[in-house]
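A.B. asks: Please find one structure pasted underneath; my questions will follow.
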Amino acid sequence: MGDGTTEEKLHSILDATTVQDVWERTLDFVLEAGFTHILYGFTRFHSDSGFGDDNDHLFLTNFGADYMKGYFLEGRYRNGPMVHWALTNVGTCSWSWINENFDNFTAQEREVSLYNRSLGVTSGYTIAFQNALKRAKGAVGISVQPFVGTQADADAIWAEKGRDIELVCGVAHLKIITMPMPQRILTSRQREVLEWIGDGKTVADTAQILGLNKATVEKHLRLARESLGVDTTAQAVLKASFHNQMFTV
């Protein structure tokens, strides 16, 4: 499994109770290994037509706000060459792949590559995770210091510690996808109401079970739909279950 530090980190990730705990412990390990920046992304709603709503994705990173504004908020990640690689592959890939294939990229992919170059984010590795569901995609990009580290530096770190990094990041990913997504958190009552509706109960049944009136149940369902960005209660039940937010009585 590697040295004791790796084993201890794996146990600490498995013992974590929040996504933030998992993230902090994973970040610590990657930084100790010699990389300086990490960007983890996961969605359960990718399709052939694209990524869908940004609010349905989970991004965890220690990159600065300036970089993430251009990369995420302005939507460049959707055309990122390593993102596209991760969508169709499983395993690891050196970022030297970008330079090797730059001439074959689309105009949008080249624009993202040039954006990364302008901010010195050019040397590192991407890990694409295996997912049982076709629409679920998860990957992590790991970079050496922008403008300072080279791909040779990244390769040297990876040659020594890459196997342990891949293992720790893989365990962290598996842990995160079993936990409630930090975005669009539902209240406990909203989750509870959705659980009963998902079990086939009517609004009247749910009101009676929970000791509420029908109007209150309808209010919780409406707020849950709004929080999840869907139009129907059936969609809310499905989306809440995808985000591991269903309340278990």
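Numbers in the working numbering are just positions in the sequence shown, counted from 1, shifted up by 10.
Heads up, the beta-carbon is just placed ideally off N, CA and C, and yes, glycines get one too.
Quick check: what's the CA-CA separation for C103 versus L143?
C.D. replies: Taking the first residue of the sequence shown as position 1, residue 103 is located at position 93. Taking the first residue of the sequence shown as position 1, residue 143 is located at position 133. Near 22 Å, if we compare the C-alpha coordinates of L143 and C103.
A.B. asks: Touching or not, the stretch 112–119 and the stretch 32–40, by the rule of three or more beta carbon pairs under 8 Å?
C.D. replies: With the cut-off at 8 Å, the stretch 112–119 and the stretch 32–40 do not touch.
A.B. asks: Starting from the N-terminal side, write out each stretch of the alpha helix (DSSP H) that is 4 residues or longer and does not extend beyond the stretch 100–135.
C.D. replies: Segments of the alpha helix (DSSP H) lying fully in the stretch 100–135: 106–111 and 117–128.
A.B. asks: If contacts are defined as beta-carbon pairs under 8 Å, then I137 and A149 qualify, I think. What distance do you get, rounded to the angstrom?
C.D. replies: For the purposes of this step, residue 137 is taken as the residue at position 127 of the sequence shown. For the purposes of this step, residue 149 is taken as the residue at position 139 of the sequence shown. About 6 Å separates the two Cβ atoms, so the contact holds.
A.B. asks: For I187, which three-state DSSP category applies?
C.D. replies: Here residue 187 is taken as the residue at index 177 of the sequence shown, counted from 1. Of the three classes helix, strand and coil, the one that applies to I187 here is coil, per DSSP.
A.B. asks: Tell me which residue opens and which closes the beta strand (DSSP E) that A149 is part of.
C.D. replies: Position 139 of the sequence shown, counting from 1, holds the residue named residue 149. Unbroken beta strand (DSSP E) run through A149: K147 to S153.
A.B. asks: Using the beta-carbon count (16 or more within 10 Å), is A225 buried or exposed?
C.D. replies: Against the sequence shown, residue 225 aligns to sequence position 215. Burial call: exposed.
A.B. asks: Would you decide whether H56 is buried or exposed? Buried here means 16 or more other CB atoms lie within 10 Å of its CB.
C.D. replies: To locate residue 56, count along the sequence shown from 1; it is residue 46. The residue in question, H56, is buried, as its Cβ has 16 or more Cβ neighbours within 10 Å.
A.B. asks: Go ahead and pull the three-state DSSP assignment for T226.
C.D. replies: The residue given as residue 226 occupies position 216 in the sequence shown. Three-state DSSP puts T226 in a helix.
A.B. asks: Between the stretch 241–249 and the stretch 200–216, can you find at least three pairs of beta-carbon atoms closer than 8 Å?
C.D. replies: Touching, per the Cβ criterion.
A.B. asks: Just verifying my parser: in three-state terms, what is the DSSP assignment at G85?
C.D. replies: Taking the sequence shown and counting its residues from 1, one reaches residue 85 at position 75. The answer is coil: DSSP assigns G85 none of H, G, I, E or B.
A.B. asks: Under a Cβ-count criterion, where at least 16 other Cβ atoms within 10 Å of its own Cβ denotes burial, should T27 be classed as buried or exposed?
C.D. replies: Counting from one through the sequence shown, the residue named residue 27 turns up at place 17. Its Cβ having fewer than 16 others within 10 Å, T27 is exposed.
A.B. asks: Counting Cβ pairs, one atom from each stretch, are 3 or more of them under 8 Å apart for the stretch 72–86 and the stretch 213–220?
C.D. replies: Judged by Cβ distances under 8 Å, the stretch 72–86 makes no contact with the stretch 213–220, as fewer than three pairs qualify.
A.B. asks: Quick one: what's Y50 bridged to in DSSP?
C.D. replies: Taking the first residue of the sequence shown as 1, we reach residue 50 at position 40. Paired residues: L70 and V150.
A.B. asks: Which value, in whole angstroms, describes the spacing of the CA atoms of D165 and L231?
C.D. replies: As a working note, residue 165 is residue 155 in the sequence shown. As a working note, residue 231 is residue 221 in the sequence shown. Going by the C-alpha atoms only, they are around 51 Å apart.
A.B. asks: Report back the beta-carbon spacing between L49 and T71 to the nearest angstrom; my notes put them in contact at under 8 Å.
C.D. replies: On the sequence shown, position 39 is the one that residue 49 refers to. On the sequence shown, position 61 is the one that residue 71 refers to. Indeed, because the Cβ distance is near 4 Å, the residues count as touching under 8 Å.
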